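Going by this note's numbering, the sequence shown opens with residue 442, and the numbers climb by one from there.
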Amino acid sequence: MSTEIFLLAGSIVLGFVHIVLASHAASWQRGYRWTAGPRDDNVPPLTGVAGRLARASQNFLETFPFFAAAILAAHVTGREGVLTLWGAQLYVWARLVYLPLYAFGVPLARSLTWNVAAVGIFLIVAALFV
């Protein structure tokens with residue numbers, strides 16, 4: 442298994458971590474009866490850590506498909522190399538750092554970390570064209 446595919450698998454695990462943390466934080470804020478119920482009622486937006494974890498999870502789900510598609514395209518076309526290795530590592534490590542930065546409300550570093558992950562995706566895509 443290539444390092445890039447291994448990092449893709451690791452990012453899948455990270456995605457589940459996002460979902461589990463956001464789900465439990467929402468349950469703590471709204472109560473487990475709400476979680477177990479049909480969730481038909483309008484509820485106020487999540488606040489504090491629960492809100493930040495929900496937004497971090499949504500943000501991960503917005504970038505992950507691009508990362509996964511880029512890794513799989515590079516793998517299938519045999520374009521894995523230095524750019525894809527660096528790109529995959531930048532994406533996964535930055536997304537790993539991004540989660541606690543967002544959860545704890547660290548504004549500037551969080552945004553910079555998001556940009557590092559985006560650069561990682563762009564490196565992988567660049568490898569498809571060189």
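Note that CB positions come from ideal geometry on N, CA and C, so glycine has one too.
From a predicted model like this one, the values you see are computed outputs, not experimental measurements.
Start and end residues, alpha helix (DSSP H) containing residue i
{"i": "E445", "result": "T444 to R471"}
{"i": "L483", "result": "Note on residue identity: the sequence assigns Asn, not Leu, to residue 483. Per DSSP, N483 belongs to no alpha helix (DSSP H) and is neither H nor E."}
Buried or exposed (CB count within 10 angstroms, at least 16 for buried), residue i
{"i": "E445", "result": "buried"}
{"i": "Y539", "result": "buried"}
{"i": "R551", "result": "buried"}
{"i": "V533", "result": "buried"}
{"i": "T488", "result": "exposed"}
{"i": "F447", "result": "exposed"}
{"i": "A466", "result": "buried"}
{"i": "L502", "result": "exposed"}
{"i": "Y543", "result": "buried"}
{"i": "L564", "result": "buried"}
Per-residue DSSP class, three states only, for residue i
{"i": "G478", "result": "coil"}
Beta-carbon separation (whole angstroms), residue i vs residue j, contact threshold 8 Å
{"i": "F505", "j": "S452", "result": "6 Å"}
{"i": "I512", "j": "L449", "result": "5 Å"}
{"i": "R493", "j": "G546", "result": "6 Å"}
{"i": "L524", "j": "A559", "result": "Actually they are not in contact, since the Cβ atoms of L524 and A559 sit about 15 Å apart, beyond 8 Å."}
{"i": "E521", "j": "A514", "result": "The pair is not a contact, with the Cβ atoms about 10 Å apart (cut-off 8 Å)."}
{"i": "G561", "j": "A509", "result": "12 Å between Cβ atoms; not a contact."}
{"i": "L531", "j": "V557", "result": "6 Å"}
{"i": "A535", "j": "S498", "result": "No, A535 and S498 are not in contact; Cβ-Cβ is about 16 Å, not under 8 Å."}
{"i": "V454", "j": "R471", "result": "Incorrect: roughly 26 Å between the Cβ atoms, too far for contact."}
4-residue-minimum alpha helix (DSSP H) runs that sit fully inside the stretch 494-570, ordered along the chain:
Secondary structure within the stretch 494-570: the alpha helix (DSSP H) runs of 4 or more consecutive residues, fully enclosed, are 523-544 and 548-570 (chain order).
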